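Colleague: Residue 500 is where the sequence shown ends in the working numbering, and the numbering goes up by one at each step.
C-beta: ideal position from N, C-alpha, C; glycine also.
These numbers were taken from a predicted model, which means no experiment stands behind them.
Attaching a single structure in structure tokens format; questions to follow.
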Amino acid sequence: MAASLWRSGGGALRRLLAGRPLLGAAAARGGWRPLHGSRQRRGTPAIKVLMPALSPTMEEGNIVKWLKKEGETVNAGDALCEIETDKAVVTMESSDDGVLAKILVEEGSKNVRLGSLIGLLVEEGQDWKQVEIPADASDPSSLAPPAAAPTSTPASPSVSAPPPKLEHPPGKLQVRLSPAARHILETHGLDPSNVTPSGPRGIFTKEDALKLLQEKQKDKPSELKPVVSPAPPQPSAVPSASQATAVTSAYPRPAVPPLSTPGQPAAPGTFTEIPASNIRRVIAKRLTESKTTIPHAYAAADCDIDAILKLRTELAKDDIKVSVNDFIIKATAVTLKQMPDVNVTWDGEGCRQLQSIDISIAVATDRGLITPIIKDVAAKGIQEIAASAKALAKKARDGKLLPEEYQGGSFSISNLGMFGINDFTAVINPPQACILAVGRARPELKVVEDEEGNEKLKQHQLMTVTLSSDGRVVDDELASKFLETLKANLENPIRLALC
Numbered sequence: 002m003a004a005s006l007w008r009s010g011g012g013a014l015r016r017l018l019a020g021r022p023l024l025g026a027a028a029a030r031g032g033w034r035p036l037h038g039s040r041q042r043r044g045t046p047a048i049k050v051l052m053p054a055l056s057p058t059m060e061e062g063n064i065v066k067w068l069k070k071e072g073e074t075v076n077a078g079d080a081l082c083e084i085e086t087d088k089a090v091v092t093m094e095s096s097d098d099g100v101l102a103k104i105l106v107e108e109g110s111k112n113v114r115l116g117s118l119i120g121l122l123v124e125e126g127q128d129w130k131q132v133e134i135p136a137d138a139s140d141p142s143s144l145a146p147p148a149a150a151p152t153s154t155p156a157s158p159s160v161s162a163p164p165p166k167l168e169h170p171p172g173k174l175q176v177r178l179s180p181a182a183r184h185i186l187e188t189h190g191l192d193p194s195n196v197t198p199s200g201p202r203g204i205f206t207k208e209d210a211l212k213l214l215q216e217k218q219k220d221k222p223s224e225l226k227p228v229v230s231p232a233p234p235q236p237s238a239v240p241s242a243s244q245a246t247a248v249t250s251a252y253p254r255p256a257v258p259p260l261s262t263p264g265q266p267a268a269p270g271t272f273t274e275i276p277a278s279n280i281r282r283v284i285a286k287r288l289t290e291s292k293t294t295i296p297h298a299y300a301a302a303d304c305d306i307d308a309i310l311k312l313r314t315e316l317a318k319d320d321i322k323v324s325v326n327d328f329i330i331k332a333t334a335v336t337l338k339q340m341p342d343v344n345v346t347w348d349g350e351g352c353r354q355l356q357s358i359d360i361s362i363a364v365a366t367d368r369g370l371i372t373p374i375i376k377d378v379a380a381k382g383i384q385e386i387a388a389s390a391k392a393l394a395k396k397a398r399d400g401k402l403l404p405e406e407y408q409g410g411s412f413s414i415s416n417l418g419m420f421g422i423n424d425f426t427a428v429i430n431p432p433q434a435c436i437l438a439v440g441r442a443r444p445e446l447k448v449v450e451d452e453e454g455n456e457k458l459k460q461h462q463l464m465t466v467t468l469s470s471d472g473r474v475v476d477d478e479l480a481s482k483f484l485e486t487l488k489a490n491l492e493n494p495i496r497l498a499l500c
């Protein structure tokens, strides 16, 4: 054990073990030195703060804001930072007590992978300024590579990187080219010797060639005039193949659309790169999966909502404010209770009939569409549904939804009536089996009979509802019966109080 802790010069250790004193030089120079560093040399030990999984489908997140500063005391359960997941902005809580010693991932960092080290805590009473930074804190794999900023100004030849030294005779091209890059260079007469290849093993790629072409178009547009072959002497009825390929257009299509420059008028073919948020990427992924893996079936029905509008007006007199959408949510829940075969989900292998009727309502936000859930809707009254829908919609727009407020659900409703849409079809939100698309109320004339049996025209408020159903679990007959029952419940709202 002595050998593992201390080492001395010469035979000092043997003298100590034999009970003999150190001699002269060894004792004078204090001939001992530590074999391992002490804790003080390594720094204060740290408690790691890792990027958590705040939703089942979350793979990476963005650090929106740190709610604690370095040096502040943190208790278990305190809010540490706000993280944008694939669903919403969620507050991350600390699971340990201590002091926030180091923020390793700053605010605004994008695409931080799960399990990445984002901060360090130390125990109270320790020197947080001397916290030991783990080796994995600088791991480049913890963060997704940032998107390259588009070049807004043309590169000047005077400040460009020096060309690589090519050991070959002048005038002979020896750079390794990809086939696509070779075609672009030969077509436009470009010299790749002044550009450092970005491909593996020094290969000059297609992207390098396009970048070189774009810079040359900006710097010297006159040098990129297309070569036009001499006009044929006489037009022939059937031009030869050589004639057809020799003539090029005076305005050829550019190989790559140029990037737009802020503050300048957009040129034809320009575009602006808009980075996609985590929510947008997840929406795109789930919509693609839904449309490609779920056999969608559609059925529509026109509902007369005169009775609902009349009842809503009477409730407003008693200062009870509810919307038509609240009646639709309640009528849907009552219909699902009457027809439990539609309150199902598909788990990939089979059908699951759910006991609770939890309805997801689509809410449009600046970050994308999200579907908060009203739980156990069949047991709630219209007024309670209205309060829940209003509160969830506000939290969704503010990005404050909790994971349990948007995960799950047995049925979805999407209402675009407030935007003047007559009818539309919605995409199913898996693993749910159905989604109801609701259009606006529109006046239409209808032939009715009065008390004396005479026919006359009467104006009605009609609303079109379209059911998108998963054909694997809800067939056409079941979907039709569901719409028939829903129509009866909407046109006779007194039935909603019976369930």
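Count the C-beta pairs between the segment 276-292 and the segment 428-447 that are closer than 8 Å, then say yes if the count reaches three, no if not.
Modeller: Segments in contact, yes.
Colleague: Could you compute how far the alpha carbon of Asn-490 sits from the alpha carbon of Glu-71?
Modeller: Start at 1 with the first residue of the sequence shown, and residue 490 comes out as number 489. Start at 1 with the first residue of the sequence shown, and residue 71 comes out as number 70. Between Asn-490 and Glu-71, the C-alpha separation is close to 58 Å.
Colleague: Considering just the uninterrupted stretch of the alpha helix (DSSP H) at Lys-395, what are its terminal residues?
Modeller: Indexing the sequence shown from 1 puts residue 395 at position 394. Looking at the DSSP string, the run of the alpha helix (DSSP H) that includes Lys-395 is 383-399.
Colleague: Let me know the secondary structure DSSP gives Gly-369 once reduced to three states.
Modeller: Locating residue 369 in the sequence shown gives position 368, counting from the first residue. Gly-369 falls in the strand class under three-state DSSP.
Colleague: Once the 5 residues before and after Asp-377 are set aside, which same chain residues still bring their CB inside 6 Å of it?
Modeller: If you number the sequence shown from 1, residue 377 lands on position 376. Excluding sequence neighbours, Asp-377 sits near Ser-357.
Colleague: Which of the three DSSP states, helix, strand or coil, is assigned to Leu-468?
Modeller: Start at 1 with the first residue of the sequence shown, and residue 468 comes out as number 467. Residue state, collapsed to three classes: strand.
Colleague: Would you grab the beta carbon distance between Lys-88 and Ile-360 for me? Rounded to a whole angstrom, and I think it's under 8 Å.
Modeller: Position 87 of the sequence shown, counting from 1, holds the residue named residue 88. Position 359 of the sequence shown, counting from 1, holds the residue named residue 360. No, Lys-88 and Ile-360 are not in contact; Cβ-Cβ is about 18 Å, not under 8 Å.
Colleague: Using a Cβ-Cβ cutoff of less than 6 Å, which residues in the same chain neighbour Lys-331 once the five nearest sequence positions on both sides are dropped?
Modeller: Along the sequence shown, one-based indexing puts residue 331 at 330. So the list reads Ile-383, Ile-386 and Leu-497, once near-sequence residues are dropped.
Colleague: Please name the residue or residues paired with Thr-346 in a DSSP beta bridge.
Modeller: In the sequence shown, the residue the question calls residue 346 occupies position 345. According to DSSP, which records beta bridges pairwise, Thr-346 is partnered with Arg-353 and Gln-433.
Colleague: At the 9 Å Cβ level, is Ile-386 part of the contact set with chain B, yes or no?
Modeller: Absent from the structure is chain B; it holds one protein chain and no more.
Colleague: Under the three-state reduction of DSSP, which class applies to Val-91: helix, strand or coil?
Modeller: In the sequence shown, residue 91 corresponds to position 90, counting from 1. Three-state DSSP puts Val-91 in a strand.
Colleague: Does the distance from the CB of Met-340 to the CB of Lys-482 come in under 9 Å?
Modeller: Here residue 340 corresponds to residue number 339 of the sequence shown, with the count starting at 1. Here residue 482 corresponds to residue number 481 of the sequence shown, with the count starting at 1. It is a contact, given that the beta carbons lie within the stated cut-off.
Colleague: Here's the rule I'm using: 16 or more other beta-carbon atoms within 10 Å means buried, otherwise exposed. How should Asp-451 be labelled?
Modeller: Within the sequence shown, the letter at position 450 stands for residue 451. Exposed, by the Cβ-count rule.
Colleague: Which of the three DSSP states, helix, strand or coil, is assigned to Asn-490?
Modeller: Translated into the one-based positions of the sequence shown, residue 490 becomes position 489. In the structure shown, Asn-490 sits in a helix (DSSP, three-state: H, G or I).
Colleague: Please give me, in chain order, every unbroken run of the alpha helix (DSSP H) with length at least 4 that falls completely inside the segment 271-335.
Modeller: Runs of the alpha helix (DSSP H) inside the segment 271-335: 279-294 and 307-318.
Colleague: I'd like to confirm the pairing. Which residues does DSSP put opposite Ser-179 in its beta bridges?
Modeller: As a position in the sequence shown, residue 179 is number 178, starting the count at 1. Answer is none; Ser-179 lacks a bridge partner.
Colleague: With DSSP run on the structure shown, which of helix, strand or coil describes Ile-422?
Modeller: Position 421 of the sequence shown, counted from the first residue, corresponds to residue 422. Reduced to three states, the DSSP call for Ile-422 is coil.
Colleague: Note down, in chain order, each residue of its chain lying with its Cβ closer than 6 Å to the Cβ of Leu-312, except the 5 sequence neighbours on either side.
Modeller: As a position in the sequence shown, residue 312 is number 311, starting the count at 1. Excluding positions up to five away in sequence, the list reads Pro-494.
Colleague: Kindly give me the distance between the Cβ atoms of Gly-409 and Ile-374, rounded to whole angstroms, as I take these residues to be in contact under 8 Å.
Modeller: Here residue 409 refers to the residue found at position 408 of the sequence shown. Here residue 374 refers to the residue found at position 373 of the sequence shown. Yes, they are in contact, since the Cβ atoms of Gly-409 and Ile-374 sit about 6 Å apart, within 8 Å.
Colleague: Pull up the distance between the alpha-carbon of Leu-463 and that of Met-419, whole angstroms please.
Modeller: By 1-based counting over the sequence shown, the position of residue 463 is 462. By 1-based counting over the sequence shown, the position of residue 419 is 418. Between Leu-463 and Met-419, the C-alpha separation is close to 14 Å.
Colleague: For a test of the three-state rule: what should DSSP assign to Pro-58, helix, strand or coil?
Modeller: Residue 58 sits at position 57 when you count from the first residue of the sequence shown. In the sequence on display, residue 58 carries Thr and not Pro. Residue state, collapsed to three classes: coil.
Colleague: Look at the alpha carbon of Gln-218 and the alpha carbon of Leu-211, and state the distance between them as a whole number of angstroms.
Modeller: As a position in the sequence shown, residue 218 is number 217, starting the count at 1. As a position in the sequence shown, residue 211 is number 210, starting the count at 1. Approximately 10 Å between the Cα atoms of the pair.
Colleague: Using the beta-carbon count (16 or more within 10 Å), is Val-449 buried or exposed?
Modeller: Along the sequence shown, read from residue 1 onward, the residue named residue 449 stands at position 448. Burial call: exposed.
Colleague: Whole angstroms is fine: what's the gap from Asp-98's alpha carbon to Thr-74's?
Modeller: Taking the sequence shown and counting its residues from 1, one reaches residue 98 at position 97. Taking the sequence shown and counting its residues from 1, one reaches residue 74 at position 73. Each residue's alpha carbon lies about 8 Å from the other.
Colleague: At what residues does the beta strand (DSSP E) containing Val-50 begin and finish?
Modeller: Residue mapping note: residue 50 aligns to position 49 of the sequence shown, counting from 1. Run containing Val-50: 48-51, per the beta strand (DSSP E) assignment.
Colleague: Measuring straight from C-alpha to C-alpha, what distance separates Val-176 and Lys-103?
Modeller: Residue 176 sits at position 175 when you count from the first residue of the sequence shown. Residue 103 sits at position 102 when you count from the first residue of the sequence shown. For Val-176 and Lys-103, the distance between alpha carbons rounds to 46 Å.
Colleague: In three-state terms, what does DSSP make of Asn-416?
Modeller: Looking up residue 416 in the sequence shown gives position 415. Here Asn-416 sits in strand by DSSP.
Colleague: Counting along the chain, where does the beta strand (DSSP E) carrying Leu-68 start and finish?
Modeller: If you number the sequence shown from 1, residue 68 lands on position 67. No beta strand (DSSP E) holds Leu-68; DSSP gives it neither H nor E.
Colleague: Taking Val-123 as part of the beta strand (DSSP E), name the residues at either end of that continuous run.
Modeller: Your numbering for residue 123 matches position 122 in the sequence shown. From DSSP, the beta strand (DSSP E) with Val-123 extends over 118-123.
Colleague: Leaving out five residues on either side along the sequence, give the residues of the same chain with a beta carbon under 6 Å from the beta carbon of Leu-178.
Modeller: Residue mapping note: residue 178 aligns to position 177 of the sequence shown, counting from 1. Taken in chain order, the residues that qualify are Phe-205.
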